[in-house]
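Throughout the sequence shown, residue numbering follows UniProt numbering, covering 1 to 399 in sequence.
Glycine is no exception: its CB is placed at the ideal position from the N, C-alpha and C atoms.
Below: one structure, written as structure tokens.
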Amino acid sequence: MSQYRTFTAADAVEYAKKFGGVDDPSALVSAEEIGDGNLNLVFKIFDNQGRSRVVVKQALPYVRCVGESWPLTLDRARLEAQTLVEHYKHCPEHTVNVTHYDADLAVMVMEDLSSHRIWRGELVKGAYYPEAGRQLGEYLAQTLFHTSDFYLHPHKKKAEVARFINPEMCEITEDLFFNDPFTDHERNKYPAALESLVVSLRTDDALKIAVAGLKHRFFADAEALLHGDVHSGSIFVADGSLKVIDAEFGYFGPIGFDVGSAMGNLLINYCCLPGLLAPREAAEGRERRLSDAHEVWSQFSSRFLELAHAKTSDVALAYPGYAEAFLRKVWSDTIGYCGTELIRRTVGMSHVADFKQIADDTMRTECIRSCITLGRTLILAADHIADVDALIARIRQAG
Ligand SMILES: Nc1ncnc2c1ncn2[C@@H]1O[C@H](COP(=O)(O)OP(=O)(O)O)[C@@H](O)[C@H]1O
Ligand SMILES: CSC[C@H]1O[C@H](OP(=O)(O)O)[C@H](O)[C@@H]1O
């Protein structure tokens with residue numbers, strides 16, 4: 001019989017006393033549920049001085065933002081904890097530290113990142129973290145290289161692929177990214193003024209074939225242990241620091257999916273800044289976003305190549321020039337998945353603060369239009385954009 005029960009704040013405090021790993025467990029006295037994501041409960045646990053000391057996260061047996069009508073596997077807590085533990089081994093600087101998890105209760109305990117802020121909220125306000133792009137590129141290079149065939153022994157790699165089989169969470173991505181926005185689906189939500197643009201996505205043969213290719217590679221290309229949902233709402237930043245959280249979509253998939261999701265969210269912000277800030281600040285913010293996206297790819301690709309040259313164990317994959325050839329495939333995947341993130345966040349159900357917080361209706365609609373148009377351009381041009389400078393030029397051209 002499963003011991004699962006949904007935690008109250010009092011349960012979370014008792015759990016943290018036992019498993020929180022603090023020196024003075026009896027000082028832990030209260031909890032606040034602070035979850036603002038689509039899926040889970042998140043409790044901050046406070047001590048008798050009112051200091052937040054540790055975080056307890058629990059999966060619900062359904063999708064939080066929808067309710068019990070959409071049941072969802074509790075195994076996602078294990079997958080999240082194990083993905084973060086694995087990523088922490090390879091990149092402790094930029095991964096939240098999960099110190100304990102319990103598969104039956106679908107609960108994990110992790111370090112409290114209250115000294116940091118969620119990057120999306122900062123991007124919406126126009127705050128700038130000059131090191132964040134490079135740090136995110138570093139996280140992507142370290143975690144993706146060290147869980148790939150370049151680094152792992154083939155037996156270990158296959159065992160890891162099996163450990164991280166994640167069919168239910170992958171199915172959400174398969175539907176929300178690659179199906180819903182390109183069909184007339186009841187989950188879709190977008191401004192009525194964009195109806196003809198959105199309908200045109202459903203009948204564009206070249207686009208639908210390119211999206212099918214991206215979905216096919218999401219199904220089939222078990223290249224590395226992905227985070228699976230690395231967006232600016234799953235990244236904490238502070239001066240000189242960046243930490244990634246929330247990896248319940250972790251599975252072995254195409255490396256470009258993680259890199260493209262990360263860059264796609266920066267480009268969503270790029271498209272929305274004119275609706276969020278005064279013209280001069282918006283223009284400056286947009287330049288910074290392009291520079292952040294440039295940094296993500298530059299750091300990711302240069303570090304991945306450095307690691308491949310220094311640490312590739314397989315004799316065939318170590319052949320000079322192969323890692324460079326592989327990165328060309330990752331690059332076109334990155335652009336394509338970047339495009340699907342721009343479209344699924346605007347046409348599909350998972351909307352984001354970058355445009356939700358735009359007060360003026362007409363401006364919001366125009367910013368959403370830019371996201372959709374840029375997304376389509378990137379999906380269609382993914383095989384024809386030579387490098388990151390050409391990508392930035394394409395984005396500027398799109399307006
Ligand atoms: N380790 C942490 N430290 C402090 N706050 C956290 C931590 N993890 C999550 N949070 C807060 O809880 C929110 C929801 O967490 P998240 O992991 O994104 O949940 P979900 O899986 O439902 O998307 C975050 O936006 C953040 O504000
Ligand atoms: C039905 S889940 C929708 C959406 O929510 C997830 O985001 P998060 O866990 O960060 O709230 C993920 O992006 C899913 O696609």
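A direct Cα-Cα distance of roughly 15 Å separates Phe355 from Ala278. Ile165 sits exposed, since fewer than 16 C-beta atoms from the chains shown fall within 10 Å of its C-beta.
Per the coordinates, the alpha-carbon of Leu226 lies some 18 Å from the alpha-carbon of Pro154.
For Leu84, the enclosing alpha helix (DSSP H) has its first and last residue at 75-90. Secondary structure of Phe300 (DSSP, three-state): helix.
For Asp246, the shortest separation between its Cβ and any heavy atom of ligand 1 lies below 6 Å. Between the C-alpha atoms of Tyr128 and Asp239 there is a straight-line separation of about 10 Å. Secondary structure remark: continuous beta strand (DSSP E) runs of at least 3 residues inside the region 105-152, in chain order: 107-111. If you check the C-beta of Asn188 against ligand 1, you find no heavy atom less than 6 Å away. Counting along the chain, the unbroken alpha helix (DSSP H) around Ser332 starts and ends at 322-344. Under DSSP, no beta-bridge partner is assigned to Asp24.
From the listed residues Asn97, Thr377, Val124, Arg369, the smallest Cα separation to Ser196 is found for Arg369.
By the Cβ test, the region 294-302 is in contact with the region 128-140, since at least three Cβ pairs between them sit closer than 8 Å. Partner residues in the beta bridge of Thr95, as assigned by DSSP, are Val244.
Judged by DSSP in its simplified three-state form, Val56 adopts strand.
Asn40 is positioned such that its CB atom lies no closer than 7 Å to that of Cys65. With fewer than 16 other Cβ atoms from the protein chains shown falling within 10 Å of its own Cβ, Gly399 counts as exposed.
Between the beta-carbon of Thr73 and that of Glu168 there is about 4 Å, and that keeps the pair under the 8 Å contact cut.
A distance below 6 Å between beta-carbons, with the five flanking residues on each side excluded, links Arg187 to the following residues of its chain, in chain order: Asp180, Met349. Around the Cβ of Gly321, a 10 Å sphere holds fewer than 16 other Cβ atoms; the residue is exposed.
For Tyr251 against Cys170, the beta-carbon gap comes to about 6 Å, under 8 Å, which counts as contact.
The beta carbon of Val96 sits closer than 8 Å to those of Leu84, Tyr88, Met110, Glu111, Leu113, Phe236, Lys243, Val244, Ile245, all from its chain and outside the five residues before and after it, given in chain order.
The three-state secondary structure of Leu39, taken from DSSP, is coil.
For Thr365 against Leu207, the beta-carbon gap comes to about 21 Å, at or over 8 Å, which does not count as contact. Contact check for Gln3 against Asp104 passes: the beta carbons are separated by less than 7 Å.
By the criterion of a C-beta distance shorter than 7 Å, Gly285 is surrounded in its chain by Gly126, Leu273, Leu277, once the five residues flanking it on both sides are discounted. Per DSSP, Glu186 is not a residue of any beta strand (DSSP E), being assigned neither H nor E.
Distances from the CA of Leu144 to each of Val107, Trp119, His90 were compared; the closest alpha carbon is that of His90. Residues of the same chain with a CB within less than 6 Å of the CB of Ala308, apart from the 5 flanking positions on each side, are Phe150, Ala323 in chain order.
In this structure, the straight-line span from the alpha carbon of Glu32 to that of Asp389 is close to 45 Å. With respect to Lys215, Phe257 sits apart: the two C-beta atoms are not nearer than 7 Å.
At a cut-off of 6 Å, the beta-carbon of Gly250 does not count as near ligand 1: no heavy atom of the ligand is closer than that. Within the chosen limit of 6 Å, ligand 2 does not reach the beta carbon of Leu136 with any heavy atom. Excluding five sequence positions before and after Val124, the CB atoms of its chain that fall closer than 7 Å to its own CB belong to Leu276, Ala353, Asp354, Gln357, given in chain order.
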